[in-house]
Amino acid sequence: MQSGSEIIVIGGGVIGLATAIELRLLGAEVTILCQSFKAAAGHAAAGMLAPQAEQIPAGAMLDLCLASRDLYPKWVQKIESISGVDAGYWQSGILAPRYTDEQGSDWLDTRSIHDRQAGLGESVVGGYWHPADGQVDNRALMRSLLIASQSLGVKFQDGVEVTTIHRSQGRVTHLETSQGEMSAQHYILATGAWSQQLLPLPIVPRKGQMLSVLVPSDRRDNLPLRQVLFGEEIYIVPRQDGRIIIGATSEYVGFAAHNTLQGVDRLMTNAIRLFPSLRDFPIHETWWGFRPATPDELPILGASNDANLTLATGHYRNGILLAPITAKLIADLVWHQQADNLLSSFSWQRFELI
Ligand SMILES: Cc1cc2nc3c(=O)[nH]c(=O)nc-3n(C[C@H](O)[C@H](O)[C@H](O)COP(=O)(O)OP(=O)(O)OC[C@H]3O[C@@H](n4cnc5c(N)ncnc54)[C@H](O)[C@@H]3O)c2cc1C
0 MQSGSEIIVI GGGVIGLATA IELRLLGAEV TILCQSFKAA AGHAAAGMLA
50 PQAEQIPAGA MLDLCLASRD LYPKWVQKIE SISGVDAGYW QSGILAPRYT
100 DEQGSDWLDT RSIHDRQAGL GESVVGGYWH PADGQVDNRA LMRSLLIASQ
150 SLGVKFQDGV EVTTIHRSQG RVTHLETSQG EMSAQHYILA TGAWSQQLLP
200 LPIVPRKGQM LSVLVPSDRR DNLPLRQVLF GEEIYIVPRQ DGRIIIGATS
250 EYVGFAAHNT LQGVDRLMTN AIRLFPSLRD FPIHETWWGF RPATPDELPI
300 LGASNDANLT LATGHYRNGI LLAPITAKLI ADLVWHQQAD NLLSSFSWQR
350 FELI
């Protein structure tokens, strides 16, 4: 495409924003249409950058995740230098405690894991240490991305819902939106868990409930946790400002809003078992969000059935981690027509939809 070409990104979550910025830096005129910036899963996430703690098996997805984790420090620096807003990137490492013995060459035995982290629950018998994994403060990242995009001249239209993608002869002709018709030369779908409302893609919302507690103010100078704990059915993510994020449930309940007592109860019980001193920490917030889940839990990236519509969705539980690599691969594809080999495993065609 040529400098000044117009691109509409549908969806202004972490993926839409990151991709819009990359394309703008290449010279595109970019508009983001976003039904609700506030509702984006990008705000609800824990912000873990955890390909190893997640135990993603060797293959294309692990390659994609590791490539994105490698891009993170420089990418965050770039976004921060454009926006002036710190995104809270922290290569804190991730400790993965276990309640059952697993053994193996990188296994930390009971003594080693309790030495590495004081205050773990008594039933922790060992675990794994992933020093290259880390975290970003995803809410700060969302602010940083929004401000960066706007200061680069991306038009971010919040509160605009795309209701229909009109297509004819293998091309998108225009969009029907809550504010009337809109058109561009190219379109990018980055609508996360809501994608099925626009295209027949197999993406459903997987709800996650979360809560946070605060380290008591007299202990802020010496935080009790300085690494993420990735336990069994629970993770505990300490932020440098004294918040501790606890997550998450994983529920197929459609777009059901709100926290539930059962959801929060499960988070609290599992978190206290893993790190008992949390029981005295004040609760700060509870919230929920919707992961865009595909049947094989891999994202949907790249070309669609329409020549001028590119897909960047379905990032399920790793969209914060995958934002830099998604933005890069999609921008290269759209702008330079260069399809990186990494993309081939993430085509929508693997689902054989019509
Ligand atoms: C509880 C929870 C914990 C998570 N933890 C992590 C984690 O630790 N690490 C990690 O890497 N990932 C994590 N994730 C996953 C990550 O948040 C998502 O994969 C990521 O946010 C997806 O980004 P997205 O931009 O595709 O979607 P979103 O961030 O959800 O943004 C989609 C946007 O599109 C807009 N939109 C939808 N439909 C339309 C339409 N028709 N017209 C206009 N706009 C539309 C929406 O309003 C929304 O703003 C977590 C998710 C949840 C819910």
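Quick note on numbering that gives the first Met the number 0: the sequence shown kicks off at 0 and runs consecutively. All residues carry an ideal CB built from backbone N, CA and C; glycine is no exception.
Cα-Cα separation, residue i to residue j
i    : j    : result
S276 : L144 : 35 Å
R142 : V84  : 7 Å
I14  : Q226 : 26 Å
H335 : H113 : 51 Å
T163 : L16  : 21 Å
R349 : I271 : 41 Å
G125 : T99  : 8 Å
A131 : S67  : 12 Å
V123 : N307 : 52 Å
G118 : L273 : 9 Å
M0   : V333 : 7 Å
S211 : I6   : 38 Å
T285 : E175 : 35 Å
Q54  : L65  : 12 Å
Close Cβ partners of residue i (< 6 Å) along its chain, the five nearest in sequence each way excluded
i    : result
I9   : L32, V161, L188, T190
P298 : G313, H314, F345
I353 : Here the model assigns I353 a pLDDT of 43, short of 50, so the residue's position is not dependable, and the following value carries that caveat. Excluding sequence neighbours, I353 sits near nothing in its chain.
P354 : Only positions 0 to 353 of the chain appear in this structure, which leaves residue 354 out of reach.
T172 : H165
S4   : A27, Q184
Identity of the residues DSSP links to residue i by a beta bridge
i    : result
L88  : The residue asked about is misnamed: residue 88 is Tyr in this sequence, not Leu. For Y88, which the question treats as bridged, DSSP gives no partner whatsoever.
D157 : C33
H173 : H165
Contact set for residue i: own chain, Cβ-Cβ below 8 Å, skip 5 residues either direction
i    : result
L70  : P323, I324, K327
I243 : S211, V212, L213, V214, L224, I235, V236, P237, L277, F280
Expected contact under 8 Å - CB spacing of residue i and residue j to nearest Å
i    : j    : result
A45  : V236 : 5 Å
S150 : I81  : 6 Å
V159 : S177 : 6 Å
A52  : F280 : Not a contact, Cβ separation roughly 23 Å.
Residues of its chain near residue i, where Cβ-Cβ distance is below 7 Å and the 5 sequence neighbours each way are ignored
i    : result
P201 : T293, P294, F350
D331 : Q337, D339
S2   : G26
W347 : L200, I299, S303, L310
D136 : G46, A86, G87, R238
D62  : L341
Of the residues the options, the one placed nearest residue i, counting alpha carbons only
i    : options         : result
A49  : I93, I6, T18    : I93
G41  : Q54, G133, L320 : L320
N258 : P281, S35, G207 : G207
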